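In our numbering, the protein residues as written are 3 to 291.
This is how it looks when you write it as structure tokens:
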């Protein structure tokens with residue numbers, strides 16, 4: 003889909019330049035008096051054009067980390083320390099208006115629950131149109147054209163009819179395609195796909211993976227995939243970060259981490275994915291307390 007000709011267009015640095023830098027990030031849940039760490043002293047860099055997978059079991063801190071990057075943490079969560087920089091700008095220091103300008107135009111997210119993320123009382127076309135209207139001054143007719151184009155580009159046929167559908171009238175795979183279309187509407191620099199294949203059957207999972215791979219390749223955007231499924235990560239990503247107990251315990255090229263892991267937790271994940279029984283007892287020093 004062509005970018006709407008409205009609004010400011012940011013300059014694009016050279017491919018391979020650092021895009022997202024997370025430095026010493028810690029996020030805790032609870033009250034000021036009593037809190038529990040969910041993310042502890044996490045640091046990494048994602049360069050432009052990278053396809054990075056963040057893998058770990060439920061409760062490892064993956065989604066909390068993604069929410070911190072987007073500044074959509076729940077009220078019970080507090081960023082204790084650290085920096086999150088997008089092109090050198092500290093996202094944690096931005097005011098709400100500046101954040102709204104960045105969300106969906108610079109950073110976008112594909113959530114893990116499309117049915118819960120879509121508004122049940124509006125058609126999917128209306129919701130896609132609202133995303134365009136929030137950032138670009140275009141006519142209603144132009145928005146309709148862009149919405150139908152976006153739906154076609156994610157493999158939804160008969161777009162003029164489907165845009166008039168309500169979320170409950172679409173299949174799970176179709177709703178996920180709508181969420182991908184919504185995330186890509188404003189051509190973000192960074193796409194965060196949070197468990198993009200959860201609750202989908204194997205055939206639809208493969209279709210969603212192929213769709214993400216195709217759209218990312220065509221737009222040359224940067225991708226961060228969050229998943230507990232190593233198969234999804236291996237299909238989509240060239241780099242992998244493994245998260246356990248709120249910390250990143252291993253990171254590197256996907257071909258290396260997924261075939262020659264150095265951390266016992268990564269090995270246990272791979273054994274589980276292969277159907278082997280693996281018990282991993284963490285070093286007490288690795289457990290966030």
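Where a beta carbon is used, it is the ideal one built from N, C-alpha and C, also for glycine.
No experiment lies behind these values; they were computed from the predicted model shown.
Practice problem: Using the Cα positions of residue 19 and residue 53, report the straight-line distance between them to the nearest angstrom. | Solution: Spanning the two alpha carbons is a distance of roughly 14 angstroms.
Exercise. Within its chain, find whatever has a CB closer than 7 angstroms to the CB of residue 169; leave out the 5 residues flanking it on each side and keep chain order.
Key: Around residue 169: 117, 120, 122, 126, 177.
Quiz prompt | Where residue 267 falls: helix, strand or coil (DSSP) | solution = helix
Quiz item: Would you report the Cα separation of residue 224 and residue 218, rounded to the nearest angstrom?
Solution: 7 angstroms
Quiz prompt | C-alpha distance - residue 135 paired with residue 144, whole-angstrom precision | solution = Each residue's Cα considered, the two are about 10 angstroms apart.
Quiz item: What does a CB cutoff of less than 6 angstroms around residue 87 pick up in its chain, not counting 5 residues either side in sequence?
Solution: 23
Exercise. Please work out which residues of its chain come closer than 6 angstroms, Cβ to Cβ, to residue 182, disregarding the five sequence neighbours upstream and downstream, and give them in chain order.
Key: Answer for residue 182: 112, 156, listed in chain order.
Exercise. Quick one: residues in its chain with C-beta nearer than 6 angstroms to the C-beta of residue 275, no 5 flanking neighbours on either side, listed in chain order?
Key: The residues 232, in chain order, have a CB closer than 6 angstroms to that of residue 275 in the same chain once the five nearest residues on each side in sequence are set aside.
Exercise. Using three-state DSSP, classify residue 291 as helix, strand or coil.
Key: Because residue 291 sits at a pLDDT of 48, beneath the cut-off of 50, its placement in the model cannot be relied upon, and the point is left open.
Quiz prompt | Rounded C-alpha distance that separates residue 184 from residue 246 | solution = 31 angstroms
Exercise. Verify whether the separation of the beta carbon atoms of residue 104 and residue 190 is less than 7 angstroms.
Key: No; because the gap between Cβ atoms is not below 7 angstroms, this pair is not in contact.
Quiz item: Between the C-alpha atoms of residue 81 and residue 253, what's the straight-line distance to the nearest angstrom?
Solution: Roughly 23 angstroms between the two C-alpha positions.
Self-check item: Own chain, CB closer than 8 angstroms to residue 281, minus 5 neighbours either side, in chain order
Solution: Only weak support is given to the placement of residue 281: the predicted model assigns it a pLDDT of 47, under 50, and the value that follows is read from those uncertain coordinates. Cβ within range, chain order: 270.
Exercise. Express the C-alpha separation of residue 67 and residue 101 in angstroms, rounding to a whole number.
Key: 17 angstroms
Quiz item: Helix, strand or coil: how does DSSP classify residue 162 here?
Solution: helix
Quiz item: Between residue 298 and residue 244, is the Cβ-Cβ spacing less than 7 angstroms?
Solution: The first residue shown for the chain is 3 and the last is 291, placing residue 298 beyond what the model contains.
Quiz item: Which residues in the same chain as residue 63 place their Cβ atom closer than 7 angstroms to its Cβ, once the five residues preceding and following it in sequence are excluded?
Solution: 40, 41, 245, 248
Exercise. Name the one or two DSSP bridge partners that residue 55 has.
Key: Paired residue(s): 227, 242.
Quiz item: Does the Cβ-Cβ distance between residue 49 and residue 25 come in under 7 angstroms?
Solution: Result no, Cβ atoms of residue 49 and residue 25 do not sit closer than 7 angstroms.
Quiz item: To the nearest angstrom, how far is it from the Cα of residue 264 to the Cα of residue 75?
Solution: Residue 264 and residue 75: Cα-Cα distance of roughly 32 angstroms.
Practice problem: Express the C-alpha separation of residue 37 and residue 160 in angstroms, rounding to a whole number. | Solution: 50 angstroms
Exercise. Output the residue ranges of the alpha helix (DSSP H) runs that lie fully inside the stretch 150-208 and measure 4 residues or longer, sorted by chain position.
Key: Whole alpha helix (DSSP H) segments, 4+ residues: 161-164, 174-186.
Practice problem: Assuming residue 58 contacts residue 230 (C-beta within less than 8 angstroms), just tell me the rounded distance between them. | Solution: Going by Cβ atoms, the distance from residue 58 to residue 230 rounds to 7 angstroms, so yes, they are a contact pair.
Exercise. State the Cα-Cα distance for the pair residue 77 and residue 65, rounded to the nearest angstrom.
Key: 15 angstroms
Quiz item: Nearest to residue 106 by alpha carbon, out of 138, 257, 199?
Solution: 138
Practice problem: Look up residue 82 in the DSSP assignment and say whether it is helix, strand or coil. | Solution: strand
Exercise. Report yes if the C-beta distance between residue 256 and residue 240 is below 7 angstroms; otherwise report no.
Key: Yes, these two residues count as a Cβ contact at 7 angstroms.
Practice problem: Consult DSSP for residue 33 and reduce its assignment to one of helix, strand or coil. | Solution: coil
Quiz item: Looking at residue 199 and residue 234, is the spacing between their C-beta atoms short of 7 angstroms?
Solution: For residue 234 and residue 199, yes; Cβs fall inside 7 angstroms.
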